[in-house]
Amino acid sequence: MTTQEPDAEELAAEESVEEQPEKENPLFLISADRLKGLERSPVHLIAGRLTADSPSKSKSMAEMGDVKVLIREISQNYKNDSNFIRSDMPLQEIMFRTLLARNNRPMSLTDLHYELTERWATPIRPIVITEERLLRILDTDTYYGFARK
Numbered sequence: 295m296t297t298q299e300p301d302a303e304e305l306a307a308e309e310s311v312e313e314q315p316e317k318e319n320p321l322f323l324i325s326a327d328r329l330k331g332l333e334r335s336p337v338h339l340i341a342g343r344l345t346a347d348s349p350s351k352s353k354s355m356a357e358m359g360d361v362k363v364l365i366r367e368i369s370q371n372y373k374n375d376s377n378f379i380r381s382d383m384p385l386q387e388i389m390f391r392t393l394l395a396r397n398n399r400p401m402s403l404t405d406l407h408y409e410l411t412e413r414w415a416t417p418i419r420p421i422v423i424t425e426e427r428l429l430r431i432l433d434t435d436t437y438y439g440f441a442r443k
């Protein structure tokens, strides 16, 4: 029978504990520059989400100028529209409207994941998606202009 040195047990225990790589948690927002790069009009895309209470709703597209003004209007008026975000919308649409409702303030991947899986999931439409898959969806988007901050 061989006797192990006392330090050998500690070393074996340390080796068995695998170091977990730090999980990536980037911030995302809607980028007007990215939309222009995708040859999409930020004004048209965002104006299509104006609520009925938004002052710019009655304006023509030619009169709507600044994207930031439209986003601010949405963030100030969406609370009065119970259908602004619905659980039956596509995932990217929910994320897009969530960012608009927050005045396009950057949101972390973890917060976006929580919004989808906890706030908007229902028993009728459970939303089961990993953060890694959500990250891939956001990074490969070619419609909404999602970009890392």
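If you're matching positions, the sequence shown starts at 295 in my numbering and goes up one per residue. Backbone N, C-alpha and C define an ideal beta-carbon position, used for all residues, glycine too. What you are looking at is a predicted structure, and each value in this text was computed from that prediction instead of being measured.
Check	Outcome
Would you identify the three-state DSSP class for residue 341, choosing helix, strand or coil?	helix
With 16 as the cutoff for other CB atoms within 10 Å, does residue 416 come out buried or exposed?	exposed
When the Cα atoms are used, what is the spatial distance from residue 411 to residue 323?	19 Å
Within 10 angstroms of its Cβ, does residue 395 collect 16 or more other Cβ (buried), or is it exposed?	buried
Based on Cα-Cα distance, which residue from 358, 391, 425 lies nearest to residue 338?	358
Using C-beta distances below 6 Å, list every residue in its chain close to residue 374, excluding the 5 sequence neighbours before and after it, in chain order.	347
Thinking residue 403 and residue 392 are a contact (beta carbons under 8 Å), I'd like their distance in whole angstroms, please.	Between residue 392 and residue 403 the Cβ distance is about 13 Å, and since that is not below 8 Å, they are no contact.
Nearest by alpha-carbon distance to residue 367: which of 354, 380, 340, 381 is it?	340
Between residue 429 and residue 351, what straight-line distance do the alpha-carbon atoms span, to the nearest angstrom?	33 Å
Does DSSP put residue 441 in a helix, a strand or coil?	strand
Could I get the ranges of all uninterrupted alpha helix (DSSP H) runs contained in the segment 362-402, with 4 residues as the minimum, in chain order?	385-395
Can you look up residue 323 in the DSSP assignment and give me helix, strand or coil?	strand
Go through its chain and collect everything with a Cβ distance to residue 365's Cβ below 7 Å, but skip five positions before and after it.	340, 394, 397, 398
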